[in-house]
Every structure is written in structure tokens, then in C-alpha cells.
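Heads up: the structure comes next, in C-alpha cells.
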Amino acid sequence: MKRNLPLILTCCLFLSGIFATSQVAADTSLLTVKEAVFRPGVGARPGVVFLKLTNASDLNQTLISVQSNAADKIEIHTHDMKDGMMRMRRLDALAVNANETVILKPHGLHLMVFGYTASETELRMTLSFESGEQISFSPEIIAYGNK
Ligand SMILES: [Cu+2]
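Read in order, the letters of the sequence shown correspond to residues -25 to -1, 1 to 122 in mature numbering (1 follows the signal peptide of the UniProt record, and there is no 0).
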């Protein structure tokens, strides 16, 4: 746990004051991503992605991994309140049940982007589900100070 503390603090600081707005959407079968935004971290800090993930099918889906052309690693994170402090926690998988929308937003679920290559003008991301389905999309990149 000690090992993760700097990251936790970094992320908590980073996630405060973030607003998600975007018109970028992806559409593949009955799984859809909407309002995806990416906020790169300052310096070497990890960035964060927020979005709305809808499963319009009658089958439960489970998100198991996220890949990108412009990042070393992307993790699924959530926030927990522990001892009065918000902490980030990595999830191995994220359930997106039938006919539900899961919202990734500040202080809640998010995708943590490590090793973002800022020279890439577009961050293409692919969500992979346990069922074998995938969705690709490019979140709007929003720098600090912009909404
Ligand atoms: Cu995080």
C-alpha cells in the first residue's frame, strides 16, 4: 500500500476540478461510448478519461481491458472513501449490465492513462469486453484550464 501512496495523492489532486463535456461518440453494435474526454496529466502524471458506456443489449457485458495507440497502460479505476479520504482503487473488470449505462466521472469510476505520448494528436482507445466485443473511440482531449 505504501508503494501506491504517491500515485493515490497525485490522482486525487488531479481529479479535483475536472469537468467532462464532449460530443465525441463511438458506435459499435449495442455497446456505445458517449461524451468521452481525456485530460492529460501535468508532466509525467497519469491522465484520466471519463465517458458514458451504454449496453443497449439484453446481455450483461464486462469490460476487461483498455488499450491505446498513445499510452503505455490504461487501468480501470474507482474511488473509495476510506478513513475519511477518497482513494483510488484499480479494478480488474467493470460490469456493464444489460440495458444499463455506466458513467465514468470525476470522483468516481475513471480510466487512468499511464505513459501518454503527447506527440500523438489523437488518443485512440479500444475497450475490450469478456464477450470478445470491442469498441474503439477517440476521446476529446481537454487541457487544464479549458472546459
Ligand atoms: Cu485513477
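Quick reminder that beta carbons are idealized off the backbone N, C-alpha and C, glycines included.
These numbers come from a predicted model, not from an experiment.
With the cut-off set at 8 Å, would you say Gly90 and Ala46 are in Cβ contact?
yes
Below 8 Å between beta carbons: does that hold for Met100 and His52?
Their beta carbons are not under 8 Å apart, which means Met100 does not touch His52 by this criterion.
What are the start and end residues of the beta strand (DSSP E) that includes Arg99?
Here Arg99 belongs to no beta strand (DSSP E), and DSSP marks it neither H nor E.
Using the beta-carbon count (16 or more within 10 Å), is Asn44 buried or exposed?
Per the 10 Å Cβ criterion, exposed.
Between Ser40 and Leu102, what straight-line distance do the alpha-carbon atoms span, to the nearest angstrom?
6 Å
List in chain order: all unbroken alpha helix (DSSP H) runs of 4+ residues lying wholly within the region 26 to 66.
none
Tell me which same chain residues have a C-beta within less than 7 Å of the C-beta of Glu75, skipping the five on either side of it?
Asn30
How far does the beta strand (DSSP E) with His85 in it reach, from first residue to last?
His85 to Phe89
Could you check which residue in Glu10, Val12 and Leu5 has the C-alpha nearest to that of Leu34?
Leu5
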